[in-house]
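The next block holds one structure in the form of structure tokens; read it before the comments.
Chains as they are written, first to last, in our numbering: chain A, 1401 to 1722; chain B, 14 to 670.
Next up, the structure:
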């Protein structure tokens, strides 16, 4: 009995402790504003106020003056694609930052010629630490690249099919597209300069393609002049900078936090609070009830049931002895 | 219960493990990024040599500026620290080499052009400079060859086993540097050819020429036309007819042709450049049949006094401004005539605020852009030129700032939940209240927005529901956003303490209950707990007869026992137990009924046969082990059981107390 009780109490205590840890531990999801670690985007909030969108349906109905940063790591529904189309058509600025996700699904829907290659862009000479961090210093002079002498990417890809007059940034002539993923330049692999940032106007809005969403994470924002580029992006429109969360795959921690948040939301409702109060009362006062009156009767019934089970066991064993 | 607990644990583990497997498969196949701080260093030094090869290759095609630009890109390259110094020095030498080569080519080309028109003295100067450049280039190239060897050694070229890529890049670089050397040799040959040409031309007797220049009038207003004229003759005074004469007025060039008497004349319109004097000069260069016959010549420089009406501009801007709030820039344009209309532009930084046409005094209202950031900005006023009237400009620094606002809010320090909070406040600035400003009050996820009244006051209401916390600090945020851009926004944060009365009360009840329970248990003690157990047993097992039957009572018939198959060690133990059982039943009068357990039977007979039952109690334990336990039985236990049975019989027969 003691062991069982210990196991139950221990399990409950561990669950509560784990829930508390999950609740208070900061998010470590990629690209999340509440993530203060190297792969979060909490530092963007220091540059300019940013609003998070849990769904593309939260986009403003009048998108003029709004800039949306979209990192498409999950596929889109037809409705979402239509929403993006109307967002740009009515004057919004869409910054589609993708490397190995579903950005091409958006581009196909919008009918543009540009595409994300989806293969790794490596630069074995002009890089930071290793070839997976290519330096970009071929920049066209224009407001988006104002005060940007160079950029640093992180496991990026490149753009295909963009017109020369749309390209804002290109990799060096030593860069190449590692199509077979072996980390070395093979004869049939494209070499640089390759476009990595482009801008084109669509209807009343703009579409800016960035071949590496890692530009926006905390650890990359402080390198090269990535900070200046982010500032220029924030300055495109003075009213709203939005980041879409609905196409970022949630981590286990995030999902667990969501569950706990839902539980918390239920518990702070009157019904939830009442149920919690009743549970607390039952748990704390049950030892008293257990010894007297109804508790004793219940214990008696349980004991008789247990005895019957023992007798049945004995009968069975006696039967086996024959 | 044990099984239930284990089931719960297994279920929890299952739920904990399985969902991650599902979410992992949804991740992109490529690594999206890695932590740059933890990234491994890996530099490809062979590509550095490839890059230098490309740079020198451009130089061999005489694309020196491209070569310079490519070298500048090398700052972005990942160069191991061990090579940093060599690479920097190598770059400096390369830049020097390209500058020398570029300069050498320019000098040789200029010398060639000058020799072509028999401007021998000027050509001589160029050739002397070219000679220096050739020497410098050769020295720098030797240094580069040595530096290349040093760079290769630093990269491991001297090792027994050299990387193929590195070896190929190094060899290629050396080949290209050899081509640079050939280029210098070619330029040297070109130099020597020009020197021979110079020496040949020196021997040729060329007839000197003289060129004169005068302007009529010698002074004029900008925009007016003057006439430049002169005469081209030989040194002996013979006119040279039908010769081209080039005139230059600043950067503007004009061409004239001599008449049969060697005179030339041309009308020149003075440009609208408000400087005086302007310089006019003429030159004659031999061409065609004149080459080898006549020396070129230049006229003396003629000064043309240009007249214009200077303009003075004075402005009186306010010392500071507000975004979106109009301000007036006043000033005065002074010139020889105030009747002329002038176009005036007012700019704040890069933003054009106004452009108007004014005369003399002006007062122009301008409005700084609403989004302009605060700080010192440069206000520039420019007056455009108007033909004979010169331009003018003036600038002042203006401090652009927003009017600060303040807020006084009544916020309680402690709030007892649940409660509807009302927050009253007043927004004002130095000159009075701020009406119609947006006030957003946020607290714990809920927010409300109101606007200030005409007197700057506001009242915001927030409903605070229950939650499960007991006492918690919360941050109240009041954000004020005036509609007018010349007021600054304001954010105010205050910490409140929420006390959840219901949760605190429940917690007290729970603690009190637990305290009472603990006290109760401590007071009762172990004796009472045993009594409670016995009482419980008494209540629960009324079927076991406790009191022995009196002697006169007819004993109930013994229930027929099933025929057991008593084999093996367990059979021996049970046989011993049954023999003991029969004796105890006879002695106590209490029967072991089918529904009674062995333990219940021994508990029932113990009060009846105190002191005579110890052996039988031990025998009962052995029987229970044989029946229910997984304990391994041995012959000792069987022997012990028999011994205990015999002892029990003896005790019962003798009636040992």
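Think of the CB as a built atom: it goes at the ideal place given N, C-alpha and C, for glycine as much as any other residue.
Backbone secondary structure at residue i - three-state DSSP
i                       : result
residue 83 of chain B   : helix
residue 410 of chain B  : strand
residue 516 of chain B  : helix
residue 1485 of chain A : helix
residue 1567 of chain A : strand
residue 245 of chain B  : strand
residue 1438 of chain A : coil
residue 1450 of chain A : strand
residue 390 of chain B  : strand
residue 40 of chain B   : For residue 40 of chain B, the pLDDT reaches just 44, beneath the cut-off of 50, and the residue's location in the model is therefore unreliable, although a value from the coordinates is still provided. Three-state result, residue 40 of chain B: coil.
residue 334 of chain B  : strand
residue 1493 of chain A : strand
residue 322 of chain B  : strand
residue 339 of chain B  : coil
residue 1717 of chain A : helix
residue 1811 of chain A : Absent from the model: residue 1811 of chain A. The displayed extent of chain A is 1401 to 1722, so no value can be given.
residue 183 of chain B  : helix
residue 1527 of chain A : strand
residue 1606 of chain A : strand
Pair within 7 Å by beta-carbon distance, residue i and residue j
i                       : j                       : result
residue 1459 of chain A : residue 1496 of chain A : no
residue 65 of chain B   : residue 186 of chain B  : yes
residue 1501 of chain A : residue 1473 of chain A : yes
residue 1555 of chain A : residue 46 of chain B   : yes
residue 150 of chain B  : residue 114 of chain B  : yes
residue 322 of chain B  : residue 415 of chain B  : no
residue 1597 of chain A : residue 1568 of chain A : yes
residue 1491 of chain A : residue 1531 of chain A : no
residue 491 of chain B  : residue 463 of chain B  : no
residue 498 of chain B  : residue 336 of chain B  : yes
residue 494 of chain B  : residue 502 of chain B  : yes
residue 143 of chain B  : residue 120 of chain B  : yes
residue 167 of chain B  : residue 96 of chain B   : yes
residue 472 of chain B  : residue 437 of chain B  : yes
residue 260 of chain B  : residue 241 of chain B  : yes
Environment of residue i [buried if 16+ CB atoms lie within 10 Å]
i                       : result
residue 244 of chain B  : buried
residue 651 of chain B  : buried
residue 68 of chain B   : buried
residue 256 of chain B  : buried
residue 1584 of chain A : exposed
residue 513 of chain B  : buried
residue 528 of chain B  : exposed
residue 1570 of chain A : buried
residue 486 of chain B  : exposed
residue 644 of chain B  : exposed
residue 63 of chain B   : buried
residue 593 of chain B  : buried
residue 355 of chain B  : buried
residue 147 of chain B  : buried
residue 535 of chain B  : exposed
residue 98 of chain B   : exposed
Supposed close pair residue i, residue j - CB separation, criterion 8 Å
i                       : j                       : result
residue 1657 of chain A : residue 1438 of chain A : Their Cβ separation, rounded to whole angstroms, is 20 Å, which puts residue 1657 of chain A and residue 1438 of chain A out of contact at 8 Å.
residue 70 of chain B   : residue 189 of chain B  : 5 Å
residue 1493 of chain A : residue 1606 of chain A : 5 Å
residue 196 of chain B  : residue 73 of chain B   : 6 Å
residue 287 of chain B  : residue 403 of chain B  : 4 Å
residue 292 of chain B  : residue 228 of chain B  : That pair is no contact at about 11 Å.
residue 1506 of chain A : residue 1525 of chain A : About 33 Å; that fails the 8 Å criterion.
residue 484 of chain B  : residue 510 of chain B  : 6 Å
Using 8 Å as the threshold, is the segment 347–367 of chain B in touch with the segment 380–394 of chain B, meaning 3 or more CB pairs across them?
yes
Sufficient close CB pairs (3 or more, under 8 Å) joining the segment 270–279 of chain B to the segment 311–326 of chain B
no
Please list the residues of the segment 598–625 of chain B that have a C-beta atom closer than 7 Å to any C-beta atom in chain D, keeping them in chain order.
As a matter of chain content, chain D is missing from the structure shown, whose protein chains are A and B.
Looking at C-beta atoms only, is the number of pairs between the segment 239–253 of chain B and the segment 214–229 of chain B that lie closer than 8 Å three or more?
yes
Inter-stretch contact at 8 Å, needing at least 3 Cβ pairs: the segment 1442–1461 of chain A / the segment 1616–1627 of chain A:
yes
Three CB pairs or more closer than 8 Å across the segment 621–640 of chain B and the segment 581–592 of chain B
yes
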